[in-house]
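Student:
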Amino acid sequence: MSQDSPIIYIIDDDESIREMLEMMVASVGHEFKSFAAGAQFLEQFEERHGCILLDIRMPGMSGMVVQEKLNELNAMLPIIFITGHGDIAMAVEAMQKGAFDFMEKPFREFELLEKINKAIAQDKEQRLDLTKQHEIQERIESLTKREREIMQLVAQGHANKVIAIDLNIAQGTVEIHRSRIMSKMKARSLAQLMRMLMVAGELKDDE
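Counting in the UniProt record's numbering, the sequence shown tops out at residue 207, every number present.
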């Protein structure tokens, strides 16, 4: 399958649970890779679009430890924990540390599939946002120092005349710079430029 298609990572030491999850995700056309241990998964882990089904209690390396290792790697994949009845407090703690959701055993397949689809959708949206952020950052880096300076003043709501006075340049020069900024940033309006700067974390407060 394409690297762009979602993949479901299944990590559970119980072979019967693994096989059931494999059949479930395969029945709706999802690619999957399954592992009997967290350490085995981490050794072969690659960051791809999709989600992780992770048993919270496993011998050796628990699901909680796997989550911690993934957080250290800055992995984006949403985690759905598979928990036993006595693991709810652990599952809540895992969600506080960034897990997407959890399912308690025994679970209904259609409910888990619904959570999987939501996790995949969230992962796709986050990756698109990250791509946009990188693209916007590249546009910002294409600006000259003066253009970036003027862009910040424009974003803070300063009129061309005020910017010209502040920077001790002609108003016409400010207008030329603004035109170049809008062109390089591929912004059709000031509102769109503002949204771009917010996405890139470049919108600075007026001091």
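Glycine is no exception: its CB is placed at the ideal position from the N, C-alpha and C atoms. Fair warning: this is a prediction, and the values are worked out from it, not measured in the lab.
Determine the burial state of GLN67: buried for a count of at least 16 other Cβ atoms within 10 Å of its Cβ, exposed for fewer.
Tutor: buried
Student: Taking all protein chains shown into account, decide if MET64 is buried (16 or more other Cβ within 10 angstroms of its Cβ) or exposed.
Tutor: buried
Student: What do you reckon, are the CB atoms on residue 210 and ILE56 nearer than 8 Å?
Tutor: Given that the chain is displayed from residue 1 to residue 207, the structure contains no residue 210 and the question cannot be resolved.
Student: Kindly confirm or deny that the stretch 151-170 and the stretch 119-131 touch, where touching means at least three C-beta pairs closer than 8 Å.
Tutor: Too few Cβ pairs lie closer than 8 Å, so no.
Student: Based on Cα-Cα distance, which residue from MET20, HIS134, ILE136, ARG188 lies nearest to LYS105?
Tutor: That would be MET20, whose Cα lies nearest to the Cα of LYS105.
Student: Identify the residues that DSSP records as bridge partners of LEU54: which are they?
Tutor: ILE11, PHE81
Student: Who are the near neighbours of GLU207 in its chain, counting only those whose CB is closer than 7 Å to its CB and skipping five residues on each side?
Tutor: In this prediction, GLU207 scores a pLDDT of 42, lower than 50, which makes its location untrustworthy; the coordinate-derived value is nonetheless stated afterwards. Result list for GLU207: empty, nothing under 7 Å.
Student: For the beta strand (DSSP E) containing LYS97, name the first residue and the last one.
Tutor: Here LYS97 belongs to no beta strand (DSSP E), and DSSP marks it neither H nor E.
Student: When you compare the CB positions of ILE8 and LEU53, do they come within less than 8 Å of one another, or not?
Tutor: Yes, these two residues count as a Cβ contact at 8 Å.
Student: Looking at the structure shown, is GLU207 part of a helix, part of a strand, or coil, going by DSSP?
Tutor: Annotation note: pLDDT 42 at GLU207 (below 50); position unreliable, no value reported.
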